[in-house]
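Report on the structure given below.
In our numbering, the protein residues as written are 5 to 498.
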């Protein structure tokens, strides 16, 4: 990064990210797009300082470089620049986890989730890379995830070239999973992110290119889209997996190999090493902000643990996804029984069931029509199936409903749901119900259920073998009955 040289391709010149030289084109853009005139700096800077001085309990940083960053972000409108600074400090007080020092966040930085490429694009914009696959939600919370991207971007934003030209993003959703989704896509967390991007970050976000997007990423966009203003919605471009489409926007000569470019694989090591050198400066910067008499931000209690506890994650995820299902918000598929229609989301169904995933990813009628016809499950079973898919939990089960949901889980290949029903049947096993469960276990080749049945029968053999149901079972299924009895006798001799 520090040794990067300009890259020339035709008439275009791709400058090194760390070059702070303002070109004639930069100055022209600053004047025409940002209303920037160096001869007027003093007047604008003094006016912003006056406005900030009037703000009660605010100890703001007021050096020229810091204020110019916000003036450029608000096109040298003094009042709007001052308001952006206030909003920045309010947001920082409310979300301190997003503004920690580089050394406090070094572990997540080293995960190579975020990076800036060594060269700018043809318009002089910094190129931000996010690789979602490198984020482990069990190790780092979504707030730490956002905080890492924010602190790294604040560092790059100190360069006046970035302040004038802005930045573009390559958001790589390769290997995006339901675990990533469930730990980030709650209304509260998404609002936190959208507020940072739109109202508190003094940078010019120009466009984001989303690459390697699975179906679940479409749900994320549908949830996030209503939270951002129209101009930002138009700046999100879905590329897919064909990197030739990305090359139409960013030249391959400055892209890393994983995006079809000629540069080495994207590696944040050098950027992080440089960022670590600014740690003391960042510590000083954190002393600025709103001062509260209690010594604590009034909203700081909103901050959760670094990695949310299982209870916190379950309650928020269950509530949010249940609402998504109940209200059919942004639904894009219908599951139809003879009597009822259930609205759902292809991406969530695909993330939870391989059967649904194949159904919607291949050229099948369900993918093209947006309808899934279900004739072998009743309405209540479909409802329980969908409830589990969205919330990972079931309501009250009965023996009859457990059998039905078990079969639905087998049909749509949802192992955890199948295991939940199996556990219920095992926990509620009675001598006169053993035969039905045996048929279920052997029909679906459920080894775990068979083992528990054998253990139960071994303990209650006299009660089981003396029931009328068992006698009828031997008549209807003599070979299976013989196998079960043989297994029981074999176990009793061990």
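Positions of the beta carbon are idealized from the N, C-alpha and C atoms, including for glycine. Bear in mind that the values here come from a model prediction, so they are computed numbers and not experimental data.
- The beta carbon of residue 270 is closer than 6 Å to those of 119, 133, 260 in its chain, skipping five residues each way along the sequence.
- About 38 Å separates the beta carbon of residue 81 from that of residue 116, a gap too long to meet the 8 Å contact definition.
- Here the region 330-343 makes no contact with the region 192-206; the two share fewer than three CB pairs at distances below 8 Å.
- Scanning its chain for C-beta atoms nearer than 8 Å, with the 5 sequence neighbours on each side dropped, one finds around residue 211 the residues 172, 173, 239, 240, 241, 253, in chain order.
- Take residue 185, set aside five residues on each side of it, and the residues of its chain with a beta-carbon closer than 6 Å to its own are 220, in chain order.
- For residue 448, the closest alpha carbon among the candidates 410, 456, 458 is that of 410.
- Judged by beta-carbon spacing, residue 97 lies within the 8 Å limit of residue 293, meaning their Cβ atoms are closer than that value.
- Ranked by Cα distance from residue 25, the options 393, 419, 167 are led by 167.
- With the rule of 3 Cβ pairs closer than 8 Å, the region 382-396 counts as touching the region 416-431.
- Contact between residue 113 and residue 272 is confirmed by a C-beta separation of about 7 Å, below the 8 Å threshold.
- Counting along the chain, residue 414 sits inside the alpha helix (DSSP H) bounded by residues 403-415.
- Residue 339 is not a Cβ neighbour of residue 295, given a cutoff of 8 Å.
- With fewer than 16 other Cβ atoms from the protein chains shown falling within 10 Å of its own Cβ, residue 63 counts as exposed.
- Taken atom to atom, the span from the alpha-carbon of residue 93 to that of residue 366 is near 49 Å.
- Under a 10 Å Cβ-count criterion, residue 237 is classified as exposed, with fewer than 16 other Cβ atoms of the shown protein chains found around its own Cβ.
- Within the model, the alpha-carbon separation for residue 437 versus residue 462 is close to 15 Å.
- Inside the region 422-479, DSSP marks whole alpha helix (DSSP H) runs of 4 or more residues at positions 438-447, 451-463, 465-469, from first to last along the chain.
- Taking the CA atoms as reference points, residue 475 sits about 12 Å from residue 466.
- A direct Cα-to-Cα measurement between residue 150 and residue 378 gives close to 41 Å.
- Taking 8 Å as the cut-off, the Cβ atoms of residue 155 and residue 74 do not count as close.
- At a Cβ-Cβ threshold of 8 Å, residue 426 and residue 450 count as neighbours.
- Per DSSP, the beta bridge partners of residue 293 are 63.
- Under DSSP, residue 176 shares a beta bridge with 135, 215.
- Following the DSSP letters along the chain, one finds residue 340 inside the beta strand (DSSP E) bounded by residues 337-340.
- Burial state of residue 368 is exposed, judged by a 10 Å Cβ sphere holding fewer than 16 other Cβ atoms.
- According to the DSSP assignment, residue 168 belongs to the alpha helix (DSSP H) that extends over 164-169.
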